[in-house]
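Scroll down for the structure; my scribbles are underneath it.
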Amino acid sequence: MNHTTQLPDRRSVCARNGAATAAPPPAHARARRRPTSQQWAAWAFLAPVTLYLVLFYAYPLYRNIDLSLRNYTVRSFVQGDAPFTGLANYRTVFDDPTFAPALLHTVVFTAVCLVFQYAIGLALAVFFNQHFRLSATLRALFLVPWLLPLIVSASTWSWMLNSDSGIVNAALHTVGIDPVNWLTSPSWSLTSVIIANIWIGVPFNLVLLYSGLQSIPASLYEAAALDGANAWQRFRRVTFPLLRPVSAITLLLGLVYTLKVFDIIWITTKGGPADSSTTFATWSYQLGFGNLLPAFGPGAAVGNLLVVAALVFGLIYVRVQRKQASS
Amino acid sequence: MNSSARQRRLTAAALTALAVAASATACSSGSGSTDAKGAGSGTYTIWDPYPQFDKGSAWTKLLDKCGSQAGVKIERTGFDTSDLANKTLLAAQQGNSPDVLIVDNPVVSTLAEAGVLTTTDDNKLDTSKVDPNLLAAGQSGGKTYGTPIGANTLALYYNKEVLKEAGVDIASVKDWKSLTAALAKVKKAGKKGITFSAIGTEEGSFQFLPWFWGAGAKLTELDSAQAVSALSLWKDWLKQGYAPNSVLNNTQTTSWQEFASGDYAFSENGTWQLANAEKVGFEYGVLPIPGAGGGNAAAPTGGEFVTIPVQDDTGRYATSQKLATCLTSTDNLYDTDTTLSYVAPTSEVQDKQVAANAELKPWIDAVKSAKGRTSDDLGTTYPKISEQMWKAVQSALSGAESPEEALAKAQSAVK
Numbered sequence: 001m002n003h004t005t006q007l008p009d010r011r012s013v014c015a016r017n018g019a020a021t022a023a024p025p026p027a028h029a030r031a032r033r034r035p036t037s038q039q040w041a042a043w044a045f046l047a048p049v050t051l052y053l054v055l056f057y058a059y060p061l062y063r064n065i066d067l068s069l070r071n072y073t074v075r076s077f078v079q080g081d082a083p084f085t086g087l088a089n090y091r092t093v094f095d096d097p098t099f100a101p102a103l104l105h106t107v108v109f110t111a112v113c114l115v116f117q118y119a120i121g122l123a124l125a126v127f128f129n130q131h132f133r134l135s136a137t138l139r140a141l142f143l144v145p146w147l148l149p150l151i152v153s154a155s156t157w158s159w160m161l162n163s164d165s166g167i168v169n170a171a172l173h174t175v176g177i178d179p180v181n182w183l184t185s186p187s188w189s190l191t192s193v194i195i196a197n198i199w200i201g202v203p204f205n206l207v208l209l210y211s212g213l214q215s216i217p218a219s220l221y222e223a224a225a226l227d228g229a230n231a232w233q234r235f236r237r238v239t240f241p242l243l244r245p246v247s248a249i250t251l252l253l254g255l256v257y258t259l260k261v262f263d264i265i266w267i268t269t270k271g272g273p274a275d276s277s278t279t280f281a282t283w284s285y286q287l288g289f290g291n292l293l294p295a296f297g298p299g300a301a302v303g304n305l306l307v308v309a310a311l312v313f314g315l316i317y318v319r320v321q322r323k324q325a326s327s
Numbered sequence: 001m002n003s004s005a006r007q008r009r010l011t012a013a014a015l016t017a018l019a020v021a022a023s024a025t026a027c028s029s030g031s032g033s034t035d036a037k038g039a040g041s042g043t044y045t046i047w048d049p050y051p052q053f054d055k056g057s058a059w060t061k062l063l064d065k066c067g068s069q070a071g072v073k074i075e076r077t078g079f080d081t082s083d084l085a086n087k088t089l090l091a092a093q094q095g096n097s098p099d100v101l102i103v104d105n106p107v108v109s110t111l112a113e114a115g116v117l118t119t120t121d122d123n124k125l126d127t128s129k130v131d132p133n134l135l136a137a138g139q140s141g142g143k144t145y146g147t148p149i150g151a152n153t154l155a156l157y158y159n160k161e162v163l164k165e166a167g168v169d170i171a172s173v174k175d176w177k178s179l180t181a182a183l184a185k186v187k188k189a190g191k192k193g194i195t196f197s198a199i200g201t202e203e204g205s206f207q208f209l210p211w212f213w214g215a216g217a218k219l220t221e222l223d224s225a226q227a228v229s230a231l232s233l234w235k236d237w238l239k240q241g242y243a244p245n246s247v248l249n250n251t252q253t254t255s256w257q258e259f260a261s262g263d264y265a266f267s268e269n270g271t272w273q274l275a276n277a278e279k280v281g282f283e284y285g286v287l288p289i290p291g292a293g294g295g296n297a298a299a300p301t302g303g304e305f306v307t308i309p310v311q312d313d314t315g316r317y318a319t320s321q322k323l324a325t326c327l328t329s330t331d332n333l334y335d336t337d338t339t340l341s342y343v344a345p346t347s348e349v350q351d352k353q354v355a356a357n358a359e360l361k362p363w364i365d366a367v368k369s370a371k372g373r374t375s376d377d378l379g380t381t382y383p384k385i386s387e388q389m390w391k392a393v394q395s396a397l398s399g400a401e402s403p404e405e406a407l408a409k410a411q412s413a414v415k
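Residue numbers (full-length UniProt numbering), protein chains in the order written: chain A, 1 to 327; chain B, 1 to 415.
Written out as structure tokens, the structure is:
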């Protein structure tokens, strides 16, 4: 339905683009004048966004790659004469004893957060789709974690999980469980930041999946019910498959957001103790800014690894979508 | 056709998603380049790490006063202290350095290494009155890169009421052994022993240094037996419950808040908490940090240096020097250090401070025996050593490694 209404519009875009690439420069203009002026107008309309993208995305990305390929010391950073060293910074990063744990933590952090955020988000979305009384109010309340500034929620988590004066340990104490060093024990710190990050990410999944659910026509559920499908079968055979496109984009965006999570980890544990909650994002910051003597090169190299990881998953997503579209 | 347009849109979506990731990781150049040159040559810029002082404060009034004495207009920006080093590096890269820069002392050698700062030979700043142990933090390679505006250091605050309850005589606390014994008594009395900051940042190293130096260890040898004994002391306090586990995540401010709750007998904290100490609502005292076998341990010096960054227009130095001299003149030092709750860097002003407030005496003694972190010509190797040191402290206190293992690993990582 959507496709048919948009089709003519898209065709005209394609046609115009075709003209843009095929059209010769104005000097060689043939009899057809109109496309040329139209073309100029098109470029004029395109200019602000292109300029914006170049200034704020392309240039920083280029600078980051450039930083990672040169040997920057504080001196050469200021003088701007850092020697080109190829992949030396990447080799430094790969050989660093922090690399393996940071990679593992990044993978575990991202995977566990995504699974739980998606599962809880989907469960809540299905739940709120029932349209019971107060469902709108409750749904709005679930958005609170998303609306809070990250520094506020991260500081709050850090207080709640404090070993000695935190409310979580106080609650555990009342039910007779020994206090846990949530943020200061190497075996718990990663779990703690994962829990905090899941809490922050659930509303995002809830909102996207809820809006996805609303686009599923009610008649399908009626038909399924008439065929004798129970609630689980309706979810399994109707809701889940029809939600697949929304799920895919939710997971992709969630992945990008989770890969780069920095605030919550830095504020609660600083990546420690003993690197036990260090991910690539915090490691990159630690290298570039966490020390009196910044190591910009390796810091940028770690940042670029993150960008590449996000790129890989972005391409996988595009590929999967293409396959689905052609089938 | 339909699918190709769709593909394009999906690619765009994926690229946008990427851009979000990229903008988070890409370097944040440019944000620091506030218009440092100002409007005319009659405007001089000053950057300081005192964002807590706003327009009406004594500090900004002093800056304006010094400006009008030198016949120029002052444009002042206050930065968060942890931001200032990177902001300065970026500004220098853009040729936008401030005329006068007031910066935390361990950063001076890094900025000097970067070629951002002028030496006192170039800018003719007079540093002859300054205590040599304080000035050492701003010296590297035989050159001096600025003059301290004030100094602070660490000592032990103690809660007189808690100690009385536990039956501890503070005069008996002379070395590590007697301090640990006092902590044991306090714990027995149902109170908490000591709180400090062992966080995984420069702050953690700063707080560990008095114990490290107090054991006789050297920064060039992190895995010495003395260093292990200092780390074992802290580790033992945690194990025995004399110090809370939260020290691993404590900044000096949060550790102060724990002390201010009134439950703790001791707190390792700095001169800058003196004003807050008056507000805690219990009687407190101050004790220099004891060395392992008695005597006072050398504590690291804190506090800022007034420096004059390199400019394209070298003609500006003369006025910048006038501004810096004005800021560090005897009268102005006294006022500034009183506002900042710092110890003055010259004996002349220190005497004046003690005359006005006798409670400053232990602090002035502590500052006199204090040591710069970048002293001993460590310069820019200090940041690397410090990072390994705080990591070792974190590893040992969290139980990931024994003190010996952690420090041995730290030493091999520095090399």
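C-beta atoms are modelled at their ideal positions from N, C-alpha and C, and glycine is treated no differently.
Inset, instruction - Might you give, ordered along the chain, the residues of its own chain that have their beta carbon closer than 7 Å to the beta carbon of C113 of chain A, omitting 5 neighbours on each side? - result: I194, N197, I198, G201, T258
Legend entry - Identified DSSP bridge partners for L154 of chain B: DSSP lists B:G270 as partners of L154 of chain B.
Inset, instruction - Taking only runs that begin and end inside the stretch 31-104 of chain A, name each unbroken alpha helix (DSSP H) of 4 or more residues, in chain order. - result: 34-53, 59-68, 74-79, 88-95
Legend entry - Close Cβ partners of S29 of chain B (< 7 Å) along its chain, the five nearest in sequence each way excluded: With a pLDDT of only 38 at S29 of chain B, under 50, the local geometry of the prediction cannot be trusted, and the value read off the model is given with reservation. These residues qualify, in order along the chain: L90.
Inset, instruction - With a threshold of 16 other CB atoms inside 10 Å of the CB of L46 of chain A, please say whether the residue is buried or exposed. - result: exposed
Inset, instruction - Could you work out which residues of chain B lie near N169 of chain A, taking near to mean beta carbons separated by less than 8 Å? - result: Near N169 of chain A there are no residues of chain B at all, since even the closest Cβ is about 10 Å away, more than 8 Å.
Legend entry - Environment of E113 of chain B [buried if 16+ CB atoms lie within 10 Å]: buried
Legend entry - Close-in-space but distant-in-sequence residues of the same chain around G150 of chain B (CB under 8 Å, 5 per side omitted): G303, E304, L333, T336, D337, L340, Y342, V343, A344, P345
Legend entry - Any C-beta of chain B under 8 Å from that of G254 of chain A: Not an interface residue.
Inset, instruction - Just the C-alpha distance for A36 of chain B and L293 of chain A, rounded to the nearest angstrom, thanks. - result: For A36 of chain B, the pLDDT reaches just 41, beneath the cut-off of 50, and the residue's location in the model is therefore unreliable, although a value from the coordinates is still provided. So the two alpha carbons sit approximately 23 Å from each other.
Inset, instruction - Name the residue from A:S135, A:S163, A:L61 whose alpha carbon lies nearest to the alpha carbon of V308 of chain A. - result: A:L61
Inset, instruction - Within the same chain, show all residues whose beta-carbon is closer than 6 Å to that of T374 of chain B, passing over the 5 residues directly before and after it, in chain order. - result: The answer, listed in chain order, is P106, S109, A137, Y382.
Inset, instruction - Pull up the distance between the alpha-carbon of G86 of chain A and that of T106 of chain A, whole angstroms please. - result: 26 Å
Legend entry - I151 of chain A burial status per 10 Å Cβ neighbour count (16 or more: buried): exposed
Inset, instruction - Would you mind sorting D126 of chain B into buried or exposed? The rule is 16 or more other CB atoms within 10 Å of its CB. - result: exposed
Legend entry - Span of the beta strand (DSSP E), counted from its first residue to its last, around R76 of chain B: 73-78
Inset, instruction - Give the residues of chain A in contact with K384 of chain B, contact being defined as C-beta atoms less than 7 Å apart. - result: L293
Inset, instruction - Using a cut-off of 8 Å between C-beta atoms, extract the partners of L183 of chain A located in chain B. - result: L248, N249
Inset, instruction - Select from the stretch 248-272 of chain A all residues with a C-beta closer than 9 Å to any C-beta belonging to chain B, and list them in chain order. - result: Legend: CB atoms of the stretch 248-272 of chain A lying less than 9 Å from CB atoms of chain B belong to residues I249, L252, L253, L255, V256, Y257, L259, K260, F262, T268, T269, K270, G271, G272.
Legend entry - Same chain, Cβ closer than 8 Å to L62 of chain B, five either side skipped, listed in chain order: L327, N332, D335, T336
Legend entry - Sequence-distant residues of its chain with Cβ nearer than 8 Å to V370 of chain B (five each side left out): Note on identity: in this sequence residue 370 of chain B is Ala, with Val being the wrong assignment. Closer than 8 Å at the Cβ level, and outside the excluded window around A370 of chain B, lie N133, L134, A151, T153, A298, A299, P300, T301.
Legend entry - Coil, strand or helix - K352 of chain B by DSSP: DSSP places K352 of chain B in helix when its eight states are reduced to three.
Inset, instruction - Measuring only between beta-carbons, confirm whether Q117 of chain A sits less than 8 Å from chain B. - result: no
Inset, instruction - Answer with yes or no whether the minimum CB distance from T328 of chain B to chain A is below 8 Å. - result: With its beta carbon at least 8 Å from every one in chain A, T328 of chain B lies outside the interface.
Inset, instruction - Measure from the alpha carbon of L213 of chain A to the alpha carbon of each residue in A:L143, A:T278, A:F235, A:F94, then state which is nearest. - result: A:F235
Legend entry - Distance CB(Y145 of chain B)-CB(D99 of chain B) smaller than 8 Å: With respect to the 8 Å criterion, Y145 of chain B and D99 of chain B are not classified as neighbours on the basis of their beta carbons.
Legend entry - Contact with chain B by G80 of chain A, beta-carbon distance below 8 Å: Output row for G80 of chain A: interface = yes.
Inset, instruction - Would you decide whether T50 of chain A is buried or exposed? Buried here means 16 or more other CB atoms lie within 10 Å of its CB. - result: exposed
Inset, instruction - My understanding is that W283 of chain A touches V302 of chain A, with C-beta atoms under 8 Å, so please give their C-beta distance in whole angstroms. - result: With 8 Å as the limit, W283 of chain A and V302 of chain A qualify as a contact, their Cβ atoms being about 5 Å apart.
Inset, instruction - Step through the CB atoms of chain A and report whether any lies within less than 8 Å of the CB of L407 of chain B. - result: So, not an interface residue.
Legend entry - Partner residues on chain B for F289 of chain A, Cβ-Cβ distance less than 7 Å: N86
Inset, instruction - Note down, in chain order, each residue of its chain lying with its Cβ closer than 7 Å to the Cβ of G241 of chain B, except the 5 sequence neighbours on either side. - result: Cβ-Cβ distances below 7 Å link G241 of chain B to K187 in the same chain, with the five nearest sequence neighbours on each side left out; the list follows chain order.
Legend entry - Chain-ordered chain A contacts of T110 of chain B [CB-CB under 9 Å]: By Cβ distance, chain A contributes V74, L292, L293, P294.
Inset, instruction - Count the CB pairs spanning the stretch 189-198 of chain B and the stretch 311-320 of chain B that are closer than 8 Å, and state whether there are at least three. - result: no
Inset, instruction - Give the single residue among B:N245, B:I308, B:K409, B:N86 whose Cα lies nearest to the Cα of A392 of chain B. - result: B:K409
Legend entry - Rounded separation between N276 of chain B and A260 of chain B - CA only: 9 Å
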